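With my numbering, the residue at position 388 of the sequence shown is 411, and numbering never jumps.
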Amino acid sequence: MTTPRKTARTGQATDQHDGDRVIKAEFTRRNHNAIAIDALELRAVRRRFMAINQDRQRRVRESLETRQRVFMQLLPLLFHINHPMLPGYLSNKTPCGISDYAPGKRCIQAARKLARSFSYQRRAQRRYSIHALYMMGSTGTIAYSRTSDFDIWVCHQPGLPEDEAAALREKADGIQCWAESLGLEVHFFLMDDISFREQEHQQLSNENAGSSQHHLLLDEFYRTGLLIAGRFPVWWLVPPEYEARYDEYVDKLIVNRFIKAGDIVDFGGLSELPSEEFFGATLWQLYKAVDSPYKSILKILLMEAYANQYPDVELLAMRFKKMVHQADVQLDRLDPYIMMCNTVEEYLFSRREMDRLDLARRCFYFKVNEAMSKPDRGLSQSWRREAIRELVNSWGWSQSKLTTLDQRRQWKIKRVLEERHLLVDELTRSYRALS
């Protein structure tokens, strides 16, 4: 037991500690109503998020080539154990073990294809070095393509000694090399939730520039993140109407034993968004625009839409959570990129900026990279074609327009220069609007 101490917020003594989080034991404040928690609704919300998570993982697997699917099968196992015949092995002392994880039959069979002598022996561990594995970004969304990369968060226990963190980093590097042999570009980011909440983190995605965009990174994580194995994010359970009292709500969940502290990771709430993050995110996307101009313009337009709402910004992650809490769980409607496109459309249409709206739609279409002018061929990713077909029909795009866009690689030099001029103008305009 830890020594009781006063909390900065309430002045109440606390004497509960789960090893990672100090629990505050008072849940009402002078100007607030008491927090009410419905246990049945709590379980229902968690089931909805887990079902969405499983469906998105299925979409990730379906998007991979047959030989690449072993990566998704083995990924949690490789961080759960140290086995000399499996990718990423460094030594038996390398930190491993994922909370609440045990490999299934298919995972063990896949491991035996790599190492015939492999046998899994479940061992009880007093403390798991890894709390969870998460995948974030375009994986499992309509925007995923075979050239997309995988950003994976390895959420380890707080206070991991430097030598152990270095060994875990080396293990991740070994798994990354194995993924490359399968034709996958994978990036691992080591972190822990306490350091993250205190904004003591560096770049945790190829789509952000580190802690200077902490809240926007968290927004992207909560709406795109996939739980691969381990503890789920407690943010799922905090109702949108309690987001401003996030810490208070989470404390009550734990102290009143609605959840166990060892079952969750806590990256923090989304009740605040400093305005300076808009400019930092825009600068980063301008840099990224060199390689991916259409994707960057979409993300910059999202920043512009957010800035237009400031200070009462409805982040996409919060819209996503509201829908899940209201049992609006149609998978395509919850797709992070479709939600981003819809938000940008709403913003530009409200300003009657129809030329920019058409450009934003083209950016989305090129990012999705489905040639809709061509007939369906029984593709395994038919859900993507159905979703984009519904969108282009709602936009009123003609068959001739789709054909022109799908023949972009054959455009004549004049058309290419016109498009380049539009892209540069849009990037310049958004930069000025957000600076």
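Virtual Cβ for every residue (Gly too), placed ideally from N, Cα, C. As the structure is a prediction and not an experimental result, all values here were calculated from the model.
Can you grab the Cα-Cα spacing for the pair Ile104 / Gly120, in whole Å? As a position in the sequence shown, residue 104 is number 81, starting the count at 1. As a position in the sequence shown, residue 120 is number 97, starting the count at 1. In this structure, the alpha-carbon of Ile104 lies about 6 Å from that of Gly120.
Leaving out five residues on either side along the sequence, give the residues of the same chain with a beta carbon under 7 Å from the beta carbon of Arg79. As a working note, residue 79 is residue 56 in the sequence shown. A distance below 7 Å between beta-carbons, with the five flanking residues on each side excluded, links Arg79 to the following residues of its chain, in chain order: Gly163 and Leu249.
In whole angstroms, what separates the C-alpha of Glu271 from that of Cys178? For the purposes of this step, residue 271 is identified with residue 248 of the sequence shown, where counting begins at 1. For the purposes of this step, residue 178 is identified with residue 155 of the sequence shown, where counting begins at 1. Glu271 and Cys178: Cα-Cα distance of roughly 23 Å.
Figure out for me which residue from Lys322, Asp215, Leu191 and Pro262 has the closest Cα to the Cα of Ala62. Numbered from its first residue, the sequence shown carries residue 62 at position 39. Comparing Cα-Cα distances from Ala62 to each of Lys322, Asp215, Leu191 and Pro262, the minimum goes to Pro262.
Ile411 lies in the alpha helix (DSSP H); which residues open and close that run? Counting from one through the sequence shown, the residue named residue 411 turns up at place 388. Residue range Ser405 to Trp418 is occupied by the alpha helix (DSSP H) that includes Ile411.
Count Cβ pairs between the region 191-207 and the region 90-99 that sit closer than 8 Å; are there 3 or more? With contact defined as three or more Cβ pairs closer than 8 Å, the region 191-207 and the region 90-99 are in contact.
Please state whether DSSP places Phe372 in a helix, a strand or coil. On the sequence shown, residue 372 is found 349 positions in, with the first residue counted as 1. In the structure shown, Phe372 sits in a helix (DSSP, three-state: H, G or I).
Contact the region 356-372 vs the region 317-331: 3+ CB pairs below 8 Å: A contact exists between the region 356-372 and the region 317-331.
Candidates Ala456, Leu382 and Asp399, of which the one nearest Trp420 by Cα: For this step, residue 420 is matched to residue 397 along the sequence shown. Ranking Ala456, Leu382 and Asp399 by Cα distance to Trp420 puts Leu382 first.
Cα-Cα, which of Thr117, Arg150, Leu240 and Ser405 is closest to Lys322? Translated into the one-based positions of the sequence shown, residue 322 becomes position 299. The shortest C-alpha separation from Lys322 is found at Leu240.
In the DSSP assignment, what are the bridge partners of Tyr329? Residue numbering aside, residue 329 sits at position 306 when the sequence shown is read from its first letter. Looking at the DSSP assignment, Tyr329 forms no beta bridge with any residue, so it has no partner.
Contact between the region 124-134 and the region 341-353 (3+ Cβ pairs under 8 Å): Too few Cβ pairs lie closer than 8 Å, so no.
Counting only runs that start and end within the region 120-189, where is the alpha helix (DSSP H) found for 4 or more residues in a row? Runs of the alpha helix (DSSP H) spanning 4 or more residues and lying entirely within the region 120-189 occur at 128-137, in chain order.
Going by other Cβ atoms of all chains shown within 10 Å of its Cβ, with 16 needed for buried, is Pro297 buried or exposed? In the sequence shown, residue 297 corresponds to position 274, counting from 1. The residue is exposed, with fewer than 16 neighbouring Cβ atoms inside 10 Å.
Pull up the CB-CB distance for Leu213 and Ala188, whole angstroms please, since I reckon it's below 8 Å. The count along the sequence shown starts at 1 and reaches residue 213 at position 190. The count along the sequence shown starts at 1 and reaches residue 188 at position 165. Under the criterion of beta carbons closer than 8 Å, Leu213 and Ala188 qualify as touching, at roughly 6 Å.
I think Asp216 touches Asp289, with their Cβ atoms under 8 Å apart; what is that distance to the nearest whole Å? Here residue 216 refers to the residue found at position 193 when the sequence shown is read from its first residue. Here residue 289 refers to the residue found at position 266 when the sequence shown is read from its first residue. Confirmed, about 5 Å.
Can you tell me whether Ala59 is buried or exposed? The criterion is at least 16 other CB atoms within 10 Å of its CB, across all chains shown. The sequence position of residue 59 within the sequence shown is 36, counting from 1. By the beta-carbon neighbour count (other beta carbons within 10 angstroms, threshold 16), Ala59 is exposed.
Here's the rule: buried if 16 or more other CB atoms are within 10 angstroms of the residue's CB, otherwise exposed. What is Val313? On the sequence shown, residue 313 is found 290 positions in, with the first residue counted as 1. Flag for Val313 reads exposed.
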